[in-house]
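Below you'll find the structure, written out as structure tokens, and then a few comments.
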Amino acid sequence: IMPGDVLMTCAGPRNRCGVACLVEKTRPRLMMSGKMYRFRPHPKVLDARYLSHFIRLHDTQLRIDAMKTGINDSGLNLTHGRFGQLPVVVPPINEQRRIVEKIEAMFDEIDKGVESLQTARATLGLYRQSLLKSAFEGRLTADWRAQNADKLEAPETLLARIQAERDTRYKAALDAWQDAVAEWRVNGEKGKKPAKPRRQTEANIDEDWGDGLLALPGNAIWVACNHVSGQISDGTHKTPKYCDSGVPFISAKDIRNFQIDFSDTRFVDEAQHVEMSKRCLIEKGNVLITKSGTIGRVAVVQTHKPFSLFESVANIPILDPMNSKFVAYVCLL
């Protein structure tokens, strides 16, 4: 391999077969594998930089993609005979060089723009954290609290209301379980006996747990997440059998920008969804948070549309009268 060579992969997964690069510099006695092609164009006929850009052109990649052979997308080949038929546009050598200069000048501008966007994104991230900190320390609502002191609810009163909601839900779950057991017995006790719902155990945290994190206003206290939620669970730990259509199956990649993106989900059939819902029931108003991949991305369920979760996403059913979006923003701190 020498500087000025153009290399291109000719075997591998679909998205890695047909990838080209220009060799800018190299070291002595560098060899290449049998899963790539090397092009060494004549410098008076074809500019190597021009060729590498031409191969990466979208239309060229579409033609190359049509030439690939193989049983499935995980292992394709681009044979020498097929690739040799690829048409290449070859203008005069001086024009090739001018084209390359224009492309690389515009790429430099794009790189500068990307750098500026990354800087702006970092600045926005700091601003968002500052805004959230001000909100949860009570600075954004200080005037409202001063003007509505008679409307402020003590934390203990709010927790008592939440506990009442938890008790109501637990009683409803017990009633449903008793009905399910009765039906199971009527049917001759076939299959597994329905599991009795468990009362959620609340975690306790030290009163000074949040010291140094936030300076809470006088009417706020720290509590564990499961003090304000129902049973926290994650999605199924088993990879389901996917379908072309059916019930959306959400994983960590589908949680972004504070919402659930249904545009690129996989699907499971109704029977699998019903079974997975026994472990993790998703309802409108629940808070979802990613627990693998990019950890900590949050979304509030805004739809009654049924869907299931993979283990990479946790489901937090927020209890009344807590505000789901409030809890979600706390998770972003």
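Quick note, the numbering used here runs 44 ahead of the 1-based positions in the sequence shown. Glycine included, each C-beta is placed from N, C-alpha and C at the ideal position.
Cut-off 6 Å between Cβ atoms - residues of its own chain near Ile108, not counting five sequence neighbours on either side: Here the question's residue 108 lines up with position 64 in the sequence shown. Counting only Cβ-Cβ distances below 6 Å, and skipping sequence neighbours, we find Gly62.
Exposed or buried, Lys237, counting other C-beta atoms within 10 Å across all chains shown (16 or more means buried)? Position 193 of the sequence shown, counted from the first residue, corresponds to residue 237. So Lys237 ends up on the exposed side.
When you compare only the Cα positions, how much space is there between Thr185 and Ser321? Taking the sequence shown and counting its residues from 1, the one referred to as residue 185 is at position 141. Taking the sequence shown and counting its residues from 1, the one referred to as residue 321 is at position 277. Distance between the alpha carbons of Thr185 and Ser321: 39 Å.
Does the beta carbon of Val291 fall short of 7 Å from some heavy atom of the ligand NAD? For the ligand NAD, the structure offers nothing, since it holds no ligand at all.
So, using beta-carbon positions, are Ile143 and Tyr94 closer together than 8 Å? Taking the sequence shown and counting its residues from 1, one reaches residue 143 at position 99. Taking the sequence shown and counting its residues from 1, one reaches residue 94 at position 50. It is a contact, given that the beta carbons lie within the stated cut-off.
Please report the straight-line C-alpha distance between Asn121 and Asp364, rounded to a whole angstrom. If you number the sequence shown from 1, residue 121 lands on position 77. If you number the sequence shown from 1, residue 364 lands on position 320. Going by the C-alpha atoms only, they are around 58 Å apart.
Just to check my reading of the structure: Ile137 and Val89 have Cβ atoms closer than 8 Å, yes? What is that Cβ distance to the nearest angstrom? Within the sequence shown, numbered from 1, the residue matching residue 137 stands at position 93. Within the sequence shown, numbered from 1, the residue matching residue 89 stands at position 45. 7 Å between Cβ atoms; contact.
Element boundaries [alpha helix (DSSP H), containing Cys375]: Walking along the sequence shown from the start, residue 375 turns up at place 331. 368-375 is the extent of the alpha helix (DSSP H) around Cys375.
Classify Gly430: buried if its beta carbon has 16 or more other beta carbons within 10 angstroms, exposed otherwise. With the chain represented from 45 up to 377, any question about residue 430 goes unanswered, as that position is not in the structure.
Assign Cys269 to one of three DSSP states: helix, strand, or coil. For the purposes of this step, residue 269 is identified with residue 225 of the sequence shown, where counting begins at 1. Three-state result, Cys269: helix.
Measure the alpha-carbon distance for Glu227 versus Ala217 and round it to whole angstroms. In the sequence shown, counting from the first residue as 1, residue 227 sits at position 183. In the sequence shown, counting from the first residue as 1, residue 217 sits at position 173. Roughly 15 Å separates the two Cα atoms.
Please state whether the Cβ-Cβ distance between Asp42 and Leu353 is less than 8 Å. Because the chain spans 45 through 377 in this model, residue 42 falls outside it and cannot be assessed.
Going by beta-carbon coordinates alone, are Phe351 and Ile294 separated by less than 8 Å? Translated into the one-based positions of the sequence shown, residue 351 becomes position 307. Translated into the one-based positions of the sequence shown, residue 294 becomes position 250. Yes. Within cutoff.
Are Val67 and Pro87 close, meaning C-beta to C-beta below 8 Å? Position 23 of the sequence shown, counting from 1, holds the residue named residue 67. Position 43 of the sequence shown, counting from 1, holds the residue named residue 87. No, they are not a contact pair.
Mind checking who Asn359 pairs with in its DSSP beta bridge? In the sequence shown, residue 359 corresponds to position 315, counting from 1. Paired residue(s): Ser277, Leu332.
For Phe293, the first and last residue of its enclosing alpha helix (DSSP H): In the sequence shown, counting from the first residue as 1, residue 293 sits at position 249. First-last for Phe293: 291-294, but that is the beta strand (DSSP E), not the alpha helix (DSSP H).
Return the CA-CA distance between Met366 and Lys349, expressed in angstroms with no decimal places. On the sequence shown, residue 366 is found 322 positions in, with the first residue counted as 1. On the sequence shown, residue 349 is found 305 positions in, with the first residue counted as 1. Each residue's Cα considered, the two are about 22 Å apart.
Own chain residues within Cβ distance below 7 Å of Lys156, not counting five before or after: By 1-based counting over the sequence shown, the position of residue 156 is 112. Taken in chain order, the list of residues that qualify is empty.
Taking the beta carbon of Thr334 as the centre, do at least 16 other beta carbons fall within 10 Å, making it buried, or is it exposed? Stepping through the sequence shown from its first residue, residue 334 is reached at position 290. It counts as buried.
Taking just the CA atoms, how far does Phe180 sit from Lys369? The count along the sequence shown starts at 1 and reaches residue 369 at position 325. The count along the sequence shown starts at 1 and reaches residue 180 at position 136. Cα to Cα, Lys369 sits roughly 13 Å from Phe180.
Please report how far the alpha carbon of Met111 lies from the alpha carbon of Phe127, in whole angstroms. Taking the first residue of the sequence shown as 1, we reach residue 111 at position 67. Taking the first residue of the sequence shown as 1, we reach residue 127 at position 83. Whole-angstrom Cα-Cα distance: 7 Å.
Mark Ser356 as exposed unless 16 or more other C-beta atoms lie within 10 angstroms of its C-beta, in which case mark it buried. Looking up residue 356 in the sequence shown gives position 312. So Ser356 counts as buried.
Length of the line joining the Cα atoms of Leu203 and Lys195: Within the sequence shown, residue 203 is the residue found at index 159, counting from 1. Within the sequence shown, residue 195 is the residue found at index 151, counting from 1. For Leu203 and Lys195, the distance between alpha carbons rounds to 16 Å.
Tyr286 classed as buried or exposed, judged by whether at least 16 other C-beta atoms fall within 10 angstroms: Residue numbering aside, residue 286 sits at position 242 when the sequence shown is read from its first letter. Answer is exposed; the Cβ neighbour count stays below 16.
Just to confirm, are Val371 and Val272 a CB contact at a threshold of 8 Å? Sequence index remark: in the sequence shown, residue 371 carries index 327 (1-based). Sequence index remark: in the sequence shown, residue 272 carries index 228 (1-based). Against a cut-off of 8 Å, the Cβ pair of Val272 and Val371 comes out as a contact.
Can you tell me where the alpha helix (DSSP H) with Leu168 in it begins and where it stops? Locating residue 168 in the sequence shown gives position 124, counting from the first residue. Here the alpha helix (DSSP H) through Leu168 covers 137-180.
For Ala224, which beta-bridge partners are listed by DSSP? Position 180 of the sequence shown holds residue 224. Ala224 is not bridged to any residue.
For Gly56, name the three-state secondary structure that DSSP assigns. Counting from 1 along the sequence shown, the entry for residue 56 is found at position 12. In the structure shown, Gly56 sits in a strand (DSSP, three-state: E or B).
Does the Cβ of Ser289 have 16 or more other Cβ atoms within 10 Å, making it buried, or fewer, making it exposed? Along the sequence shown, read from residue 1 onward, the residue named residue 289 stands at position 245. With fewer than 16 other Cβ atoms within 10 Å, it is exposed.
Mark Leu168 as exposed unless 16 or more other C-beta atoms lie within 10 angstroms of its C-beta, in which case mark it buried. On the sequence shown, position 124 is the one that residue 168 refers to. Classification of Leu168: exposed, given that the 10 Å Cβ count is below 16.
So what's Thr70 in DSSP terms, helix, strand or just coil? Here residue 70 is taken as the residue at index 26 of the sequence shown, counted from 1. Judged by DSSP in its simplified three-state form, Thr70 adopts coil rather than helix or strand.
Host alpha helix (DSSP H) of Val318 (start-end): Working through the sequence shown from its first residue, we reach residue 318 at position 274. 314-323 is the span of the alpha helix (DSSP H), which, as asked, contains Val318.
Beta-carbon separation of Lys282 and Gly337 under 8 Å? Taking the first residue of the sequence shown as 1, we reach residue 282 at position 238. Taking the first residue of the sequence shown as 1, we reach residue 337 at position 293. It is not a contact, given that the beta carbons lie outside the stated cut-off.
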